[in-house]
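Counting in the numbering used here, the sequence shown runs from 205 upward without gaps.
Reading through the structure tokens given below for one structure.
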Amino acid sequence: MAGTRDYYTILGVERDASKDEIKRAYRRLAKKYHPDLNKESPKEAEEKFKEISEAYEVLYDQQKRANYDRFGPAGVNFGPGGFEWSDFTHYNDIEDIFGDLFRGIFGGNFGFGRTQGRNASSGFGSTIFEDLFGHGYARPEHRYGPERGRDIRYDLEIELEEAATGVAKSITISKEHVCSSCDGTGAAPGGVASCPDCGGTGQVRRAHRQGFAQLISISACPRCAGAGQIIQNPCTHCNGRGRLRMTKELTVKVPPGVDTGSRLRIAGEGSAGERGGPPGDLYVVLQVRAHDFFLRSGNDLLCEVPLRFAQAALSDEIEVSTIDGNSERLKIPPGTQSGTTFVLKHKGMPDLKGHGRGDLVVRVRVQTPRKLSKRQKELLLEFDQEEREREGDHHDDAGEQKGFFSWWPKKN
């Protein structure tokens, strides 16, 4: 963003604006694009809020602003990915800027504690509003309190027959386990000490004067990030992480009726939590392979079976394979045309919620013989002749019609 737009333009201030003017501009725009006040277009608001915060980070910092004024976007280095919330350092100003707003929303004292990472409870990332306002400002080096482990996704491919009957599958996953050496604390024996800044409480109090009143706010200790303890000697086995990546073999029970995209949740089989937090979950996402004979449509199955000309014309009873490995008898009435469909009730896929089964729809395809014996040709020509006589006029060109087998070469 820095290379495409001007920070002063983004905040709507002059190039000689004072820090108070910059803060007022940011306050006005931040309230406008705050998620609690902007419900109509949250995605656009999220992007705009991040943009104005980037501009505020640069222009409110004296050194960054001087570099930007002198060198332009090249003087601001936020890394190859551009500005991220971990680059935002004015979290103390946030409390001042949004104090009245958040007291009105949440009531009472408030604090902007800081947590680690991106929505560790889900494992799929979080919005900037959760980072900044929902869980507090995210600083990767600060950790406090138990955090739920990340969820894991595993893609599993199964056959259509297995989706119909259910199956138990053995899988191997890679996930983070609690370090057995430090029991997940990340510290060597005796390597944890009480935080000297907050005295082990994990909280600090700040006094704010507003007019004649003095307001007290309570927030997480910036040194220990609310943990009340600091690690002096990290565990050498896990390098202070408290977790180690290992593999584990599991048996997944796939119920009957699943389809491509179905998700199976296995509670507690995700990555281990941090600092005593619960583990995440494992989500097995299913992919059902295409079948050579059956085509699935919801809980119904479709198939196509060939019929000989005589079967279609004279009637017959045929065997149709079903998804469970058995077969069903299907009566073909005389005069059946190619493309006719028949329904075998309750011979399709089972419903995932246990509400019966779908149907098996059978489409017949009348086959035209490719190789005929001399006798077969004679019989067909005789049949064609009778058809022509029965139908009446069979003259070509001037209102004439051809018989069904009139294209067949005649004997000399």
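The C-beta atom is built at its ideal place from N, Cα and C for all residues, glycine as well.
Using 7 Å as the threshold, is the C-beta distance between residue i and residue j below it?
i	j	result
Ile356	Leu486	yes
Arg352	Gly481	yes
Cys439	Gly390	yes
Thr464	Val509	no
Thr369	Thr451	no
Arg354	Gly484	yes
Val262	Tyr211	yes
Tyr540	Ala514	Note on residue identity: the sequence assigns Thr, not Tyr, to residue 540. The answer is no: Cβ separation not under 7 Å.
Pro554	Gly461	yes
Cys428	Cys383	no
Val566	Leu360	no
Ala392	Thr455	no
Asn443	Gly395	no
Can you give me the C-alpha to C-alpha distance between residue i and residue j, rounded to a whole angstrom?
i	j	result
Ser201	Gln407	An answer regarding residue 201 cannot be provided, because it is not within the stretch 205 to 616 covered by the chain.
Ala367	Val458	8 Å
Gly216	Gly279	21 Å
Glu251	Glu473	34 Å
Tyr358	Ile434	36 Å
Gly404	Ile420	20 Å
Asp304	Ser222	Note on Asp304: pLDDT 49, under 50, position unreliable in the model; no value is reported.
Lys227	Asp265	11 Å
Lys247	Glu255	13 Å
Val547	Arg479	59 Å
Arg592	Leu518	19 Å
Lys551	Asp563	5 Å
Arg209	Arg232	19 Å
His441	Cys425	28 Å
Lys549	Glu523	15 Å
Arg469	Glu453	16 Å
Pro350	Gly388	11 Å
Asn168	Pro277	Nothing in the structure corresponds to residue 168, since the chain is present only between 205 and 616.
Gly432	Cys386	18 Å
Ala411	Ala249	32 Å
Phe253	Asp273	22 Å
Asp504	Lys236	51 Å
Leu490	Ser466	5 Å
Asp224	Asp401	30 Å
Thr545	Lys535	12 Å
The alpha helix (DSSP H) with residue i in it runs from where to where?
i	result
Gln515	513 to 518
Ala229	223 to 236
Arg579	578 to 595
Val262	246 to 264
Thr376	Segment 371 to 382 is the beta strand (DSSP E) holding Thr376; no alpha helix (DSSP H) there.
Ile214	211 to 215
Using the Cβ count rule (16 or more neighbours within 10 Å means buried), how would you classify residue i?
i	result
Ala471	exposed
Ala229	buried
Ser374	exposed
Lys379	buried
Arg579	exposed
Phe292	buried
Phe287	buried
Phe497	exposed
Leu576	exposed
Ser501	exposed
Arg219	exposed
Leu583	exposed
Phe310	The pLDDT assigned to Phe310 is 39, lower than 50, so where the model puts this residue is not dependable; a value taken from the coordinates is nonetheless given after this. Burial call: exposed.
Arg447	buried
Gly430	buried
Ser257	buried
Ala259	buried
Arg269	buried
Ala234	buried
Arg409	exposed
Arg533	exposed
Ser245	exposed
Arg594	exposed
Would you say residue i lies against chain D (beta-carbon separation less than 7 Å)?
i	result
Val488	Absence of chain D from the displayed structure is noted, only one protein chain being present.
Could you please give the first and the last residue of the uninterrupted beta strand (DSSP E) stretch that includes residue i?
i	result
Leu556	From DSSP, Leu556 is part of no beta strand (DSSP E); its letter is neither H nor E.
Glu361	356 to 362
Ile435	433 to 435
Thr545	545 to 548
Ile536	531 to 536
Ser501	499 to 501
Gln491	486 to 492
Val280	Looking at the DSSP string, Val280 is not in any beta strand (DSSP E), and its letter there is neither H nor E.
Ser398	396 to 398
Given 6 Å as the limit, tell me if residue i has its C-beta closer than that to any heavy atom belonging to the ligand NAD.
i	result
Asp273	In the structure on display, the ligand NAD does not appear, and there are no ligands present to speak of.
_Uninterrupted beta strand (DSSP E) stretches inside the region 444 to 475 (no shorter than 3 residues)_ = 447 to 458, 467 to 470
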